[in-house]
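The numbering of the sequence shown is our numbering, which starts it at -2 and goes up by one.
Heads up, the beta-carbon is just placed ideally off N, CA and C, and yes, glycines get one too.
Below is one structure, written out as structure tokens; the observations come after it.
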Amino acid sequence: MRYLTNDLAKLLGVTTNTIRRYENSGFLTPERDVANYRYYKDFDISKTAIIRLYIKCGFSHSEIRQMIGNNNDKIFNICDNRLQEIDLQIERLKRLRHWLKDNMQLMITINGIRNNFVIMNCPALKYIIYSIGDNILNDKDRLNIINKFMYDVPEVQLITIFKSNDLKNGHFKAYRGWAVKEIDIEKFNIEKLVNNNFIETYTTQKCLYGVIEIPSEYIYDFDKTNDIRKEYLKRVREFIDERDFAITGDMIEFIVNALGDTVSILACIPISDKN
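As structure tokens, this is what we get:
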């Protein structure tokens, strides 16, 4: 059976240009009839279909060219390398899915406790600070760890810490950094990454959770953002005083939504009974 370029393209659901690209790439070698028209045979359909599947699997044209005419062991090795790459991509996508799902859950949490408070244990965190107030901590070794945190840790969280002593005095010196939950350290095999002098720990403890929302047009206005935090802490103190609690540690903020018309922050403050 003979198939013209147009026939082959229709059977495979591609354009004639795609068939010609395959020819130019060395994937197909058509024959020509007496009128000099290209034509293909039955096996070319199977060959082209398999090439299309390899392309869907992410093989490059160069890798496919290496397979053509090669022995089975060589083809197997090329496929095995690609399979390992796919497995890594799947793991990466799983982690990204987990991060996205967690972030969406934080959005649900914010919607549920807006203008209210919830008391629960916070997760233990390992974190690294990249700035204190207006000062960027840009020493080389710290920056190397920060970059690894940002790009190598699948479920990294952006945090801002306000020290408890500063809060008592109405000051808001921000310690900004990146954090990962302790429970994820072993799962993602990052023990070596968090075992250095730059990494600090935020321990599991009873905390008061609430929501701070800052209109996006205020976010770069230090005075206005501080006024919003002061009002939030006023509400916090009223809540804990009514229940005989006391603030016992640093406030940590998780930015949940930084892209909308309002920046949504989940704030966590350690508390304990006054007695």
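For residue 250, the enclosing beta strand (DSSP E) has its first and last residue at 248 to 254.
For residue -2, the three-state secondary structure derived from DSSP is coil. The residue among 77, 35 and 5 with its C-alpha nearest the C-alpha of residue 46 is 5. DSSP places residue 59 in no beta strand (DSSP E) but in the uninterrupted alpha helix (DSSP H) bounded by 58 to 64.
For residue 208, there is no enclosing alpha helix (DSSP H); the enclosing beta strand (DSSP E) has its first and last residue at 203 to 212. Residue 78 and residue 86 have their C-alpha atoms spaced approximately 13 Å apart. A distance below 8 Å between beta-carbons, with the five flanking residues on each side excluded, links residue 117 to the following residues of its chain, in chain order: 203, 204 and 206. In this structure, residue 195 and residue 125 form a Cβ contact; the two beta carbons are roughly 5 Å apart against a cut-off of 8 Å.
For residue 265, there is no enclosing alpha helix (DSSP H); the enclosing beta strand (DSSP E) covers residues 259 to 270. Proximity of the region 157 to 167 to the region 246 to 254 meets the contact definition, three or more beta-carbon pairs being nearer than 8 Å. Apart from the 5 residues on each side of it in sequence, residue 22 sits with its Cβ closer than 6 Å to the Cβ of 58 in its chain, given in chain order.
In the three-state reduction of the DSSP assignment, residue 167 falls in the coil class, being assigned neither a helical nor a strand state. Taking a 10 Å sphere around the C-beta of residue 123, we find 16 or more other C-beta atoms and assign the residue as buried. Rounded to the nearest whole angstrom, the CA to CA distance from residue 2 to residue 32 is 14 Å.
In the three-state reduction of the DSSP assignment, residue 215 falls in the helix class, which pools H, G and I. For residue 159, the uninterrupted beta strand (DSSP E) segment begins and ends at 154 to 159.
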